[in-house]
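Position one of the sequence shown corresponds to residue 94 (the working numbering), numbered consecutively onward.
Just so it is clear, CB atoms sit at the ideal spot from N, CA and C, and this is done for glycine as well.
Here is the structure we will look at.
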Amino acid sequence: MTIISAPQQYNTDDLFVDLRAIVEHNLFLKVEGMNFAGSVKLKAAASMIAAAQAQGLLNPWSIVVESSSGNLGVALAMVCANHGYRFICVTDDRCNAQTRKLIEAFGGEVHVVDVPHPETGLLGARIEHLASICAKNPDAVWLNQYENPANAGAHYAQTGPAIAHNFPHINVVCVGAGTCGTLMGTARWFKQHRPHVKVVAIDVEGSVSFGGEAGTRRIPGLGMGMTPPALDRSLIDDVVMVPETETLRMCQRLAMRGFLFGGSTGTVVAGAQAWLNEHGRPGMTAVTLAPDSGERYLDTVYAPMWREEHYGAYARLTGRYTLPDPDQLPTVGTPNTPTTPPA
């Protein structure tokens, strides 16, 4: 029996989906959305609030403010509601309507920015708006997920160890790159405790996080309009850039297998598959992360009219996905089956 008194006290940290039948590689997907916030961002939200409390930054009349493309906003709204703090989420027009409603359901306020900053885009405009809120209200406390060490710290303490515990012979871990909190915390743990494990960052085309050319991104979650302050390239072995059209296709392939995940999951699975197609070898085991489920994306990623509007003919997805012959799948045992670490 599990009894909790606060929603952030519950999170499933040992649920994985075997993707061998879908991607035809030994790839396992760590499901991070089985909690009351519905996403991996609960870890960061709970950790940053706890750190701010420990530092004496929060009091009963504090106003917690944060910039978010969606999931962190929901998680912070929930945690703030539990603690009795007022919460303001600054987002942009890519944030879907259901996410905004969830934030408001927890008592949070949503400020939507729709005019990009001329140099730093929508993210820069969000941060400017957030700074104006703080300047006008001395009770406002910006947690600053982009530079807050408690963001990555949550994944150093929880995500990395959980993956290693369930897959002691893992060879590769593929992590999506947004603010880089999840990526950096997980990567740092593996570099310190399992240095032979390759860390692959998965980003979306149009993001400038790793020096790529800026472009339009319509699916929230991954990617940045500026270099993430938390990014430490020395912890990353490789980077895969994924077109959003491949995100859509992978989301459909997963859904046709009965797994409805969000856009970020489609991106990281597509990126992990692309990396394994090029670098994988027999016996190699890889793990990636599913930040959230797909219910919040029914009007976008899973809506044919939305896809057609924004991606044209490239959004016309395939029909029902046909699984490969089971006899042709990679032959591995349980996730704990030993494999030879890379040289």
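Where residue i falls, given that 16 or more other Cβ within 10 Å makes a residue buried
| i | result |
| --- | --- |
| D385 | buried |
| S161 | buried |
| P153 | exposed |
| Q101 | buried |
| D296 | buried |
| M94 | exposed |
| I96 | exposed |
| A198 | exposed |
| G304 | exposed |
| P231 | exposed |
| G318 | buried |
| P431 | Here P431 scores only 42 on pLDDT, less than 50, and its place in the model is too uncertain to base an answer on. |
| P435 | Its pLDDT being 42, under 50, P435 is placed unreliably in this model, and the coordinates cannot settle the point. |
| K229 | exposed |
| E402 | exposed |
| V207 | The question names Val, but residue 207 is Asp in the sequence shown. Flag for D207 reads exposed. |
| S225 | exposed |
| G405 | exposed |
| T105 | exposed |
| Q148 | exposed |
Start and end residues, alpha helix (DSSP H) containing residue i
| i | result |
| --- | --- |
| E117 | Counting along the chain, E117 falls outside any alpha helix (DSSP H), and DSSP gives it neither H nor E. |
| E402 | P397 to Y404 |
| E159 | Looking at the DSSP string, E159 is not in any alpha helix (DSSP H); the run it does join, the beta strand (DSSP E), is I156 to S160. |
| L223 | G214 to K229 |
| T279 | G274 to H286 |
| L135 | K134 to A147 |
| V361 | G356 to H372 |
| I196 | A190 to A198 |
| V167 | N164 to H176 |
| A243 | P242 to A250 |
Extent of the continuous beta strand (DSSP E) run through residue i
| i | result |
| --- | --- |
| G269 | V265 to G269 |
| A307 | Looking at the DSSP string, A307 is not in any beta strand (DSSP E), and its letter there is neither H nor E. |
| I295 | K291 to V297 |
| M334 | D331 to V335 |
| V234 | A233 to W235 |
6 Å Cβ shell around residue i - same chain, five flanking residues per side excluded
| i | result |
| --- | --- |
| G426 | Caution applies to G426, whose pLDDT of 47 falls short of 50 and renders its modelled position unreliable; the value that the coordinates give is listed next. Same-chain partners within the cutoff: there are none. |
| L112 | L120 and L122 |
| G201 | A170, F180 and C182 |
| S98 | none |
| G387 | L353, F354 and G355 |
| C273 | P321, A323 and L324 |
| C227 | A233 and W235 |
| M398 | none |
Residue i and residue j closer than 8 Å at C-beta
| i | j | result |
| --- | --- | --- |
| A365 | T340 | no |
| V116 | A139 | no |
| A247 | A137 | yes |
| G355 | R310 | no |
| Y239 | P321 | yes |
| T393 | N237 | no |
| L315 | G271 | yes |
| D331 | K291 | yes |
| T192 | V167 | yes |
| M141 | A307 | no |
Opposing strand residues paired with residue i [DSSP bridges]
| i | result |
| --- | --- |
| H204 | V183 |
| T381 | L122 and C267 |
| S386 | F354 |
Contacts around residue i, its chain only, beta-carbon distance under 7 Å, and the 5 residues preceding and following it disregarded
| i | result |
| --- | --- |
| H210 | G217, A218 and E221 |
| E212 | none |
| L328 | M277, A280, R281, K284 and V292 |
Close beta carbons around residue i, own chain, < 8 Å, minus the five adjacent residues each side
| i | result |
| --- | --- |
| V333 | C267, V293, A294, I295, D296, G364, A365, A367 and W368 |
| Y103 | T95, I97, N128 and F129 |
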